[in-house]
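Colleague:
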Amino acid sequence: MLLQLSQIDVQPGQKVTLRNISWDDFEQILAELGDRRASRIAYYQGMLEIMVPLAGHESGKENIGDLVKVLLEELDIEFASLGSTTFKRQVINAGVEPDACFYIQNEAVIRGKERIDLNFDPPPDLAIEIDFTSNSEIKKNSYAALGVPELWVYNGRSLNLYVLQERQYVATEQSQVFPNLPIVEAIPRYVDRSKVEGRNVAIKAFRRWVAEYLGTKGDN
C-alpha cells in the first residue's frame with residue numbers, strides 16, 4: 033500500500049473511509065493494527081471503514097451487552113458472547129468487527145472453538161452496533177453479506193432492529209431472537225437508567241422486569 037496507517041489520524045468519535053482497498057490490503061491493515069487496539073473496522077467490496085469509539089460508545093456497548101446477557105439468562109438460553117471478534121470471508125469480500133455479538137441459536141456449533149472461520153462456521157446470531165453519528169452502510173452491508181440474521185443499532189437515544197431477509201436488512205419492531213419481549217422500548221429505558229442510577233441498579237431492575245414480564249405472559 034502506498035498509504036501507511038501511521039499517516040492516518042482518527043480521533044475518538046470519528047471514522048475514516050478508504051476506497052479501492054484490496055483483500056490483501058485489508059489483511060495487511062488488520063495485521064498492522066493488531067488485536068489490542070481501540071479502533072473498529074468494517075470492510076465491504078473494496079471499501080474500508082476505520083472508527084475509533086468514544087467512551088460513551090464503549091459504555092453503551094457494555095450496557096446493552098449486559099442487558100442481553102440478563103435476557104438470555106432469565107430465558108435459560110445458552111449463549112456465547114464474542115465481543116468485537118473480527119469476522120471476515122474473502123469469497124464475499126466482507127469483514128466486520130461488531131461492538132458486541134452473540135451466538136445463541138448456533139452457540140453449540142461454535143462451543144469450545146478458539147477460532148471462528150466463516151468459511152465453515154455460522155456467523156453470530158445477533159450483532160450490536162453503537163452509532164452516535166450516522167448509520168454505517170459499510171458495516172450494514174458487511175453484516176448482510178456475512179449472513180448475520182439480526183442487527184441492533186443504538187444511537188444513544190433509541191434502538192433500531194433489523195432482520196435479514198433475502199440478503200438485505202429490513203427494519204422491524206420485533207426481535208426474532210427475543211420475539212415475546214418489547215426490546216425496542218425496554219433496552220433504551222434501562223440503558224438510560226444505568227446512566228442515572230448506575231450499572232448495578234439498572235441491571236437488577238431489568239432482571240426483575242424480565243422475570244415479572246415473562247411471568248405475566250405465562251399466566252395469560
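Read left to right, the sequence shown gives residues 33 to 252 (the numbering used here).
All C-beta atoms in this analysis are idealised placements derived from N, C-alpha and C, irrespective of residue type, glycine included.
Helix, strand or coil: how does DSSP classify L86 here?
Modeller: Residue numbering aside, residue 86 sits at position 54 when the sequence shown is read from its first letter. Note: L86 maps to coil in three-state DSSP.
Colleague: Please report the Cβ distance between D153 and I142, rounded to the nearest whole angstrom; I am assuming they are in contact, meaning their Cβ atoms lie under 8 Å.
Modeller: Position 121 of the sequence shown holds residue 153. Position 110 of the sequence shown holds residue 142. Their Cβ separation, rounded to whole angstroms, is 6 Å, which keeps D153 and I142 in contact under 8 Å.
Colleague: Once DSSP output is grouped into helix, strand and coil, what is the label at I160?
Modeller: Start at 1 with the first residue of the sequence shown, and residue 160 comes out as number 128. Of the three classes helix, strand and coil, the one that applies to I160 here is strand, per DSSP.
Colleague: From which residue to which residue does the alpha helix (DSSP H) around I229 run?
Modeller: Translated into the one-based positions of the sequence shown, residue 229 becomes position 197. The question names Ile, but residue 229 in the sequence shown is Glu. 215-229 is the span of the alpha helix (DSSP H), which, as asked, contains E229.
Colleague: Please confirm whether I136 and L114 have their CB atoms less than 9 Å apart.
Modeller: Here residue 136 is taken as the residue at index 104 of the sequence shown, counted from 1. Here residue 114 is taken as the residue at index 82 of the sequence shown, counted from 1. No, they are not a contact pair.
Colleague: Beta-carbon within less than 7 Å of L50's beta-carbon, same chain only, minus the 5 sequence neighbours each way: which residues are those?
Modeller: Counting from 1 along the sequence shown, the entry for residue 50 is found at position 18. Only L80 meet the Cβ criterion.
Colleague: Given a threshold of 16 other Cβ atoms within 10 Å of its Cβ, counted over all protein chains shown, does N252 qualify as buried or as exposed?
Modeller: For the purposes of this step, residue 252 is taken as the residue at position 220 of the sequence shown. For N252, the predicted structure reports a pLDDT of 45, less than 50, and the residue's modelled location is therefore unreliable. A value from the coordinates is still provided. Exposed is the call here.
Colleague: State yes or no: is the C-beta of I160 within less than 9 Å of the C-beta of Y186?
Modeller: The residue given as residue 160 occupies position 128 in the sequence shown. The residue given as residue 186 occupies position 154 in the sequence shown. Yes, Cβ-Cβ distance for I160 and Y186 is below 9 Å.
Colleague: Count Cβ pairs between the region 54-69 and the region 113-130 that sit closer than 8 Å; are there 3 or more?
Modeller: Output reads yes: the region 113-130 touches the region 54-69.
Colleague: In chain order, what residues of the same chain have a beta carbon less than 7 Å from the beta carbon of K47, not counting five sequence neighbours either side?
Modeller: Residue 47 sits at position 15 when you count from the first residue of the sequence shown. Same-chain partners within the cutoff: E81, I82, M83.
Colleague: With A234 and I170 assumed to form a contact (beta carbons below 8 Å), what rounded beta-carbon distance in angstroms separates them?
Modeller: Taking the first residue of the sequence shown as position 1, residue 234 is located at position 202. Taking the first residue of the sequence shown as position 1, residue 170 is located at position 138. Their Cβ separation, rounded to whole angstroms, is 32 Å, which puts A234 and I170 out of contact at 8 Å.
Colleague: For A218, which residues in the same chain have their Cβ closer than 6 Å to its Cβ, ignoring the five residues on either side in sequence?
Modeller: Within the sequence shown, the letter at position 186 stands for residue 218. So the list is empty, once near-sequence residues are dropped.
Colleague: Going by DSSP, name the residue or residues bridged to S91.
Modeller: Position 59 of the sequence shown, counting from 1, holds the residue named residue 91. In DSSP, S91 forms no bridge with anything.
Colleague: CB V180 to CB P156, shorter than 9 Å?
Modeller: On the sequence shown, residue 180 is found 148 positions in, with the first residue counted as 1. On the sequence shown, residue 156 is found 124 positions in, with the first residue counted as 1. Against a cut-off of 9 Å, the Cβ pair of P156 and V180 comes out as a contact.
Colleague: For F58, name the three-state secondary structure that DSSP assigns.
Modeller: Taking the first residue of the sequence shown as position 1, residue 58 is located at position 26. In this structure, F58 counts as helix in the three-state DSSP scheme.
Colleague: Going by other Cβ atoms of all chains shown within 10 Å of its Cβ, with 16 needed for buried, is A203 buried or exposed?
Modeller: The residue labelled residue 203 in the question sits at position 171 within the sequence shown. Exposed is the call here.
Colleague: When DSSP labels each residue in this structure, what does L246 get in the three-state scheme?
Modeller: For the purposes of this step, residue 246 is taken as residue 214 along the sequence shown, with counting starting at 1. Note: L246 maps to helix in three-state DSSP.
Colleague: Please report the distance separating the alpha-carbon of E182 from that of Q200.
Modeller: Here the question's residue 182 lines up with position 150 in the sequence shown. Here the question's residue 200 lines up with position 168 in the sequence shown. Roughly 11 Å between the two C-alpha positions.
Colleague: So is V100 buried or exposed if we call it buried at 16+ other beta carbons inside 10 Å?
Modeller: Counting from 1 along the sequence shown, the entry for residue 100 is found at position 68. It is buried - the Cβ of V100 has at least 16 other Cβ atoms within 10 Å.
Colleague: If you reduce the DSSP assignment to three classes, tell me which class V100 lands in.
Modeller: Within the sequence shown, numbered from 1, the residue matching residue 100 stands at position 68. Residue state, collapsed to three classes: helix.
Colleague: Please list the terminal residues of the continuous alpha helix (DSSP H) segment that includes L50.
Modeller: Stepping through the sequence shown from its first residue, residue 50 is reached at position 18. No alpha helix (DSSP H) contains L50, which is instead part of the beta strand (DSSP E) from 47-50.
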